[in-house]
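There are 4 protein chains.
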Amino acid sequence: MTTTGTVRDEDRERRGRGRPQGHGPGFEDRRREIVDLATALFAEQGYSGTSVSDLMRVTGLGKGALYHYIESKENLLVEISSQVMTPLIARMREIVALEESPLVRLRMISEAILDGIAQRPEHVWVYEHDYRYLSGENRTRFLQQRHDFEGLVFQLGNEAIARGLFRGSDVRLLMFQFFSLHKQTAQWFHRDGPWAPSELSREYCRTLFNGFAADAASLDALENRIETLRRPTAS
Amino acid sequence: MTTTGTVRDEDRERRGRGRPQGHGPGFEDRRREIVDLATALFAEQGYSGTSVSDLMRVTGLGKGALYHYIESKENLLVEISSQVMTPLIARMREIVALEESPLVRLRMISEAILDGIAQRPEHVWVYEHDYRYLSGENRTRFLQQRHDFEGLVFQLGNEAIARGLFRGSDVRLLMFQFFSLHKQTAQWFHRDGPWAPSELSREYCRTLFNGFAADAASLDALENRIETLRRPTAS
Amino acid sequence: MTTTGTVRDEDRERRGRGRPQGHGPGFEDRRREIVDLATALFAEQGYSGTSVSDLMRVTGLGKGALYHYIESKENLLVEISSQVMTPLIARMREIVALEESPLVRLRMISEAILDGIAQRPEHVWVYEHDYRYLSGENRTRFLQQRHDFEGLVFQLGNEAIARGLFRGSDVRLLMFQFFSLHKQTAQWFHRDGPWAPSELSREYCRTLFNGFAADAASLDALENRIETLRRPTAS
Amino acid sequence: MTTTGTVRDEDRERRGRGRPQGHGPGFEDRRREIVDLATALFAEQGYSGTSVSDLMRVTGLGKGALYHYIESKENLLVEISSQVMTPLIARMREIVALEESPLVRLRMISEAILDGIAQRPEHVWVYEHDYRYLSGENRTRFLQQRHDFEGLVFQLGNEAIARGLFRGSDVRLLMFQFFSLHKQTAQWFHRDGPWAPSELSREYCRTLFNGFAADAASLDALENRIETLRRPTAS
DNA sequence: TATGAATGAGTCTTCATTCAT
DNA sequence: AATGAATGAAGACTCATTCAT
């Protein structure tokens, strides 16, 4: 309930802010098309490396018509991140609210993230690289969203530690690993690659949960060998 | 007479070679300083978001003097990546050549990477985000380096699988996880943070090697629960 | 319904072609105006001595608007030479193809060249002086055009020699004289000067054809006197 | 007497103006070397297209040393034109003062010009193309020199007409032809080409003097044919 | 909805020259 | 006689955006 409400608020907020009112029926579809074309370009050349002229070229629109749809270049970046983040955060709130083991919920979040990437790998790649070019309020809102997002995962990490499912390491250290694995996926993921999001998720969680487990081998022999090699070769 | 003759000979000699570049002592140090200042700015605002004027401001140099040192803005990017990649790849080749278990060598590579990041986290962050703005030969060279880099790790991954140390999954899948963990570190690492590279390396390798182990738990119960939850809630 | 469909089809069509350039009516005229203003400046100050700011000043356009029309400064040079060379070469091919004596055809070519100069003396002056600043393909194309141009004249020169109309000197030497006379005209010709192109042409051809004639006086007395004077004045 | 005096004045003027005093013995030679290297570059890439850095490269000198010799880039242009013009004008004054037929003297001047070109074709080419980049006093002085130069030739042209050696056409028209032929020579002349200056001079003067002769054929048949062809093809 | 002309601040870079050493 | 660091104005060109139509 609360969750759903929040989502709606964000939606209304977004609509209220940038998007002009009073458009014909095909407007939203056309806009979406344009955002997707822009995303592909941004992914290839970077946001800063892509000019509005480039966008004219790929959309086939004149300057005026293009601005009619996009309002501003930065707005495209907002839209791109929004298209991935909004549904993802909504989904995450649902998952966190479930009465399941933290591991189950983390596994579900993992899959939700990877689903998001699989559906729009370029979108994710773009805002991961170029959110820096957001300015003012847009930047703040994005960072807040990201912070909320991470907070939800940290919360589950803490629960897992509390229940003895993860070793009592620093939760940040564990969760950074969780994030790292998932975020980087956008860098090499191809829609027509060999792995489905659910498979990747199983794989990642297998790595992480086994690696994080309280009873995971601490690899002492390995570390001793490293220690030996580290010492300056005497004689 | 003799003098004049000598001078002319020297002249001719110098002319023939074309003279290296025409840089005095102290040039390299100053250049290094400038590169570091630029790196900090790039990390903060992005390569494209940083103008040469910004660089003038932080270095306190005039336009001409700045270009005296940098040759071009793009060249800074080349220098930044080179400062990290060149010693890292050299170190990696040494490590790969060692007669140690693949796990030991991967662990050493892990630490080498994290050492590199710890010494110059901003440099790594910058080229990871902005190598796209390299053009032509610079881009090619960078991608080649990266490819070589990854090849060395893949090689060790394959050895580990062959020896039954990692489960016989797709080696790419395993090594992407290895890379993901390490690369993302540059995003949040601070020199004065709580973790030393060696600690991080132990931590990462513990996660990965336990997670990759042939006998790692496959977490069937977890996956079954996920499967159940995936089904549309009928009733 | 139908409407929407139609719009989409048109869109797709337009997108597919990529749209010519995006220029409205009047564009070409305005562009021509600008090229002419630029030509006047180039003639006065030289191509390199004229900055884009100078062009802004004389056209009264802002930087962006100016580039909207010219694409690049070098492109102006291309346009300038093209406006003279293209119609001239076309006309020359017509003339060469006529079944007339080589002298008649050379006389016609002479007049065609001088007509071109008379119509646009500054254009000719400009590219004669500054074609060096053309780069890459533009330069190549220009030199090729010039080579073709000269080839046509050489051909007629050879015919004239073959028919005994010109003395059997080296054809290059004769034709260099032909070119020299015509090319230099752009340097001093003024539209409101005393000579019409047809008059100049008659004058030049009278000089050249009489001078080139097989039976032209070889001025032996003159040459003997010169030879005498050349000897060191002994005594 | 008068002639010699004038030349000396010009020399003193030049020395007084730009060249610094108190240089070592090899200074003038070295300077000459540098001017020659610069000339070759200017001829190839144009004065404006050649930067002081380019000059550093070809001379093998550092910035300071280079400026020690050249004082300024524009000064090179002054020097280049001076090296050709000064001796040429001196020689011309000698020739004009001779008690010979105007044809003999024009023939001698022709050879003097062509000798100048043959000795330094690139120097001539350079100032012919780039004297525009001279500024202020330098420009004025150059144009004055050129005007004097042309005046001497016009004077002889008038004498020739007065004596009935040339037809009573406009002397400017005749002399423009004289200049055109000679000036353009710098454009295609190569030191190792097939023609010596004296041969070229004989050739040019043969063309011009036969062509200018009071009894030269007026080529009426040719002109009639042209007139016929000019008429629109009726029927 | 859509056009494309116009804006003008801003981009990176090169220039000729000066100057302390 | 020579170095190379520094200057800062000027270079050509691109940018995101606005606006009259």
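Chains as they are written, first to last, in the numbering used here: chain L, 801 to 1035; chain R, 801 to 1035; chain W, 801 to 1035; chain P, 801 to 1035. Note that CB positions come from ideal geometry on N, CA and C, so glycine has one too. No experiment lies behind these values; they were computed from the predicted model shown.
In terms of beta-carbon proximity, Thr-886(L) stays away from the interface with chain R, with every pair separated by 7 Å or more. Excluding five sequence positions before and after Arg-907(R), the CB atoms of its chain that fall closer than 6 Å to its own CB belong to Cys-1005, given in chain order.
In summary, the residues of the region 932-963 of chain L whose CB is separated from some CB of chain R by less than 9 Å are Arg-932, Tyr-933, in the order they occur in the chain. In this structure, the CA atom of Glu-874(L) is about 33 Å from the CA atom of Gln-945(R). For Phe-1012(L), the residues of chain R that pass the 8 Å Cβ criterion are Thr-1007, in the order they occur in the chain. In its chain, beyond the 5 residues on either side, Ala-1014 have a beta carbon closer than 6 Å to the beta carbon of Gly-964(W). In this structure, the alpha-carbon of Trp-988(R) lies about 28 Å from that of Ala-996(L).
Within the region 859-893 of chain L, the complete alpha helix (DSSP H) runs of at least 4 residues fall at 863-870.
Excluding the 5 residues flanking it on each side, Ile-889(P) has same chain C-beta neighbours closer than 7 Å at Gln-945, Asp-948, Phe-949, in chain order. Within chain W, the residues placing a beta-carbon under 7 Å from that of Leu-981(P) are Gln-977, Ser-980, Leu-981, ordered along the chain.
Residue-level contact check: Ala-1017(W) touches chain P, since one or more beta carbons of chain P fall below 7 Å from its beta carbon. For the region 890-978 of chain R, the full-length alpha helix (DSSP H) segments reaching 4 residues or more read 902-919, 921-930, 936-962 along the chain. Within the model, the alpha-carbon separation for Arg-939(L) versus Ser-848(W) is close to 45 Å. In this structure, Thr-1007(R) places its C-beta atom within 7 Å of the C-beta atom of Gly-1011(L). In the DSSP assignment, Ala-1013(W) forms a beta bridge with Phe-966(W). Within the region 1017-1031 of chain P, Ala-1017, Ser-1018, Leu-1019, Leu-1022, Glu-1023, Arg-1025, Ile-1026, Leu-1029 place their CB atoms closer than 8 Å to a CB of chain W, listed in sequence order.
Setting aside the 5 residues that flank it on each side, Pro-902(R) is surrounded in the same chain by Leu-956, Gly-957, Glu-959, Ala-960, Arg-963, Leu-965, each with a C-beta closer than 8 Å to its C-beta; the list follows chain order.
Exclusion of the five residues before and after Ala-1016(P) leaves Arg-967, Asn-1010 as the residues of its chain whose Cβ lies within less than 8 Å of its Cβ. Listed by position along chain R, the residues whose Cβ is nearer than 7 Å to that of Val-904(L) are Leu-1022, Arg-1025, Ile-1026. In chain order, Ser-848, Arg-932, Tyr-933 make up the part of chain R whose C-beta sits under 8 Å from the C-beta of Gly-849(L). Close to chain W, meaning a Cβ-Cβ distance shorter than 9 Å, are the following residues of the region 889-923 of chain P: Leu-898, Glu-900, Ser-901, Leu-903, Val-904, Arg-907, Met-908, Glu-911. Contact annotation for His-929(R) against chain L: His-929 [CB-CB distance below 7 Å, chain order]. Here DSSP, grouped into helix, strand and coil, assigns Asp-829(W) to helix. For Leu-1022(W), the enclosing alpha helix (DSSP H) has its first and last residue at 1020-1030. By the Cβ neighbour-count rule, Arg-1030(W) is exposed, with fewer than 16 other Cβ atoms within 10 Å of its own. Shown here, Thr-850(L) sits in coil according to DSSP, grouped into three states, outside any helix or strand.
Contact between Leu-855(W) and Ala-838(W) holds: their C-beta atoms lie close to 6 Å from each other, under 8 Å. Taking C-alpha positions only, Asn-1024(L) is separated from Val-924(L) by approximately 40 Å.
Shown here for Ile-913(L): same chain residues with a beta carbon closer than 6 Å to its own, the five before and five after excluded, namely His-982 in chain order. In this structure, Ile-909(W) places its C-beta atom within 7 Å of the C-beta atom of Met-892(W).
Nearest neighbour of Gln-984(R) by Cα position, chosen from Leu-1000(R), Ser-969(R), Val-971(R), turns out to be Leu-1000(R).
Contacts between Glu-1003(R) and chain L, judged by CB atoms closer than 7 Å, involve Leu-973 in chain order. Nearest CB-CB separation between Gln-883(L) and chain R: not below the 7 Å threshold.
Annotation for Leu-898(R): Arg-905 place their beta carbon closer than 7 Å to its own, counting only its chain and skipping 5 residues before and after. Judged by DSSP in its simplified three-state form, Pro-997(R) adopts helix.
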